[in-house]
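>
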DNA sequence: TCTTTAATAGGAATTATTACTGTTTAGGAG
DNA sequence: CTCCTAAACAGTAATAATTCCTATTAAAGA
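Chains as they are written, first to last, in the numbering used here: chain A, 1 to 137; chain B, 1001 to 1137.
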């Protein structure tokens, strides 16, 4: 995991993530490691998770803060990583997905489908300023 | 919208949600209404959004706090509303969904599929204590 | 071993959200 | 129409989640 430098803390954090299948929060990881690493700080956990997520070694689930929608009917969303907006997408709700998920013994009421990418508006801007294409917002 | 009682504040909050297609955060709604409702408080916005979401008049997107996963390969999740856990689900990643989403002119890199329901473990508990079935945790 | 600088610890600061308390008001009874 | 009561509000305090800041520690190349 060649991020920049090896660190005991990051290694242990990654271990915790690999061991349990529970998608722990930063705080859960902190609590788990604290006993064996008394000097560990919560900031370190957050920083390393962020870093590993940026590098693609782990995945970060869910967005930053809750958002709301007046449209109750299920529909999917696009999170534009360029402008940060959350847009509606006309991808139809596929109930078959729910039934497929229930194969594993759970009971599904609904699902949320969030795409990540660049919205059409931002794609347009890109075309105008092709020089920016390499920049990493 | 027969929640309990009519309130000007709730009406206006709902209006904002219907007008803009931007899935505003609670604070964005507050900022938008504050000029015309100088005594509006942020707590009122949060409370009414929560209330309307509970009643099903609006939808709340995204979960409570960020979680992390050591599994980088795309896979879907089940949020169990009973025990609050986020579990992996063996529903295969469907790249066709990304292509379908791009019909609208955006560029999609990946998607996140989160199911909501009751996990198999909690389903088991239900069977044991059928009396609780009616309770609303 | 020494040096350089990324990474850490610890705590302060920020942001998002909920909870609490006293005041206002919707809406039904008289 | 006026009065009453509980629901909803405003304002503020409290909590939770996350990031930022500064001095210190330590990885790893010379």
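We put the beta carbon where it would ideally sit given N, CA and C, even for glycine.
Have a look at the DSSP bridge pairing and note the partners of residue 116 (chain A).
Here residue 116 (chain A) is taken as the residue at index 116 of the first chain, counted from 1. Residue 116 (chain A) is bridged to A:79 and B:1110.
> Under 8 Å, with one C-beta from each stretch per pair, do the region 1107-1118 of chain B and the region 1075-1087 of chain B reach the 3-pair mark?
Contact between the region 1107-1118 of chain B and the region 1075-1087 of chain B is present, because at least three Cβ pairs lie under 8 Å.
> Going by alpha carbons, who is nearest to residue 1042 (chain B) out of B:1036, B:1028 and B:1054?
Here the question's residue 1042 (chain B) lines up with position 42 in the second chain. Checked all of B:1036, B:1028 and B:1054; the closest Cα to residue 1042 (chain B) is B:1028.
> Since residue 108 (chain A) contacts residue 1101 (chain B) with CB under 8 Å, what's their CB separation in whole angstroms?
Numbered from its first residue, the first chain carries residue 108 (chain A) at position 108. Numbered from its first residue, the second chain carries residue 1101 (chain B) at position 101. Rounded, the Cβ-Cβ distance is 21 Å, inconsistent with contact.
> Could you please tell me which residues of the region 1103-1118 of chain B, in chain order, have their CB closer than 7 Å to any CB of chain A?
Of all residues in the region 1103-1118 of chain B, 1104, 1105, 1106, 1107, 1108, 1109, 1110, 1111, 1112, 1113, 1114, 1115, 1116, 1117 and 1118 have a Cβ within less than 7 Å of some Cβ in chain A.
> Would you say residue 1120 (chain B) lies against chain A (beta-carbon separation less than 8 Å)?
Along the second chain, read from residue 1 onward, the residue named residue 1120 (chain B) stands at position 120. At least one chain A Cβ lies under 8 Å of residue 1120 (chain B).
> Consider the Cβ of residue 1054 (chain B): report whether some Cβ of chain A lies at a distance smaller than 8 Å.
As a working note, residue 1054 (chain B) is residue 54 in the second chain. No, residue 1054 (chain B) does not count as interfacial toward chain A.
> Please find out if some non-hydrogen atom of the ligand COA comes closer than 7 Å to the beta-carbon of residue 1041 (chain B).
Absence of the ligand COA is noted for the structure shown, with no ligands found whatsoever.
> Where does residue 87 (chain A) fall in DSSP's three states?
Residue mapping note: residue 87 (chain A) aligns to position 87 of the first chain, counting from 1. Correct three-state label for residue 87 (chain A): strand.
> Expressed to the nearest angstrom, what Euclidean distance is found between the alpha-carbon atoms of residue 1084 (chain B) and residue 1121 (chain B)?
Numbered from 1 along the second chain, position 84 holds the residue referred to as residue 1084 (chain B). Numbered from 1 along the second chain, position 121 holds the residue referred to as residue 1121 (chain B). Each residue's Cα considered, the two are about 12 Å apart.
> Within the continuous alpha helix (DSSP H) that includes residue 19 (chain A), where are the two ends?
Mapped onto the first chain, residue 19 (chain A) falls at position 19. From DSSP, the alpha helix (DSSP H) with residue 19 (chain A) extends over 8-19.
> Report the three-state DSSP secondary structure of residue 47 (chain A) (helix, strand or coil).
Translated into positions along the first chain, residue 47 (chain A) becomes position 47. Residue 47 (chain A): helix per DSSP, three-state reduction.
> What separation, rounded to the nearest whole angstrom, lies between the Cα atoms of residue 1063 (chain B) and residue 60 (chain A)?
Taking the first residue of the second chain as 1, we reach residue 1063 (chain B) at position 63. Taking the first residue of the first chain as 1, we reach residue 60 (chain A) at position 60. Its pLDDT being 49, under 50, residue 1063 (chain B) is placed unreliably by the model, and the measurement read from it follows with that caveat. Cα to Cα, residue 1063 (chain B) sits roughly 12 Å from residue 60 (chain A).
> Does the separation of the CB atoms of residue 9 (chain A) and residue 40 (chain A) fall below 8 Å?
Along the first chain, one-based indexing puts residue 9 (chain A) at 9. Along the first chain, one-based indexing puts residue 40 (chain A) at 40. Contact: yes.
> If you measure beta-carbon to beta-carbon, which residues of the region 1085-1101 of chain B are closer than 8 Å to chain A?
Answer set for the region 1085-1101 of chain B: 1085, 1086, 1087, 1088, 1089, 1090, 1091, 1097, 1098, 1100 and 1101.
> Quick one: residues in its chain with C-beta nearer than 8 Å to the C-beta of residue 1017 (chain B), no 5 flanking neighbours on either side, listed in chain order?
The residue given as residue 1017 (chain B) occupies position 17 in the second chain. Cβ within range, chain order: 1024, 1029 and 1058.
> Which residues does DSSP pair with residue 1073 (chain B) in a beta bridge?
For this step, residue 1073 (chain B) is matched to residue 73 along the second chain. According to DSSP, residue 1073 (chain B) bridges with nothing at all.
> Taking C-beta pairs closer than 8 Å, name the residues in chain B that residue 123 (chain A) reaches, listed in chain order.
Residue numbering aside, residue 123 (chain A) sits at position 123 when the first chain is read from its first letter. Within chain B, the residues near residue 123 (chain A) are 1105, 1106 and 1107.
> Whole angstroms are fine: how far does the CA of residue 89 (chain A) sit from the CA of residue 123 (chain A)?
As a first step, residue 123 (chain A) must be located in the first chain, where it is residue number 123. As a first step, residue 89 (chain A) must be located in the first chain, where it is residue number 89. Their Cα atoms are separated by approximately 16 Å.
> Around the C-beta of residue 26 (chain A), are 16 or more other C-beta atoms found within 10 angstroms, so that it is buried, or is it exposed?
The residue you call residue 26 (chain A) lines up with position 26 of the first chain. When all chains shown are included, residue 26 (chain A) counts as buried.
> Could you give the first and the last residue of the continuous alpha helix (DSSP H) run that contains residue 1039 (chain B)?
On the second chain, residue 1039 (chain B) is found 39 positions in, with the first residue counted as 1. Run containing residue 1039 (chain B): none; DSSP gives neither H nor E here.
> With respect to the alpha helix (DSSP H) encompassing residue 156 (chain A), which residues constitute its N-terminal and C-terminal limits?
Any property of residue 156 (chain A) remains undetermined from this structure, which presents chain A solely from 1 to 137.
> Give the C-beta separation of residue 1037 (chain B) and residue 1005 (chain B) to the nearest angstrom, bearing in mind that I take them to be a contact with Cβ-Cβ under 8 Å.
Here the question's residue 1037 (chain B) lines up with position 37 in the second chain. Here the question's residue 1005 (chain B) lines up with position 5 in the second chain. Their Cβ separation, rounded to whole angstroms, is 18 Å, which puts residue 1037 (chain B) and residue 1005 (chain B) out of contact at 8 Å.
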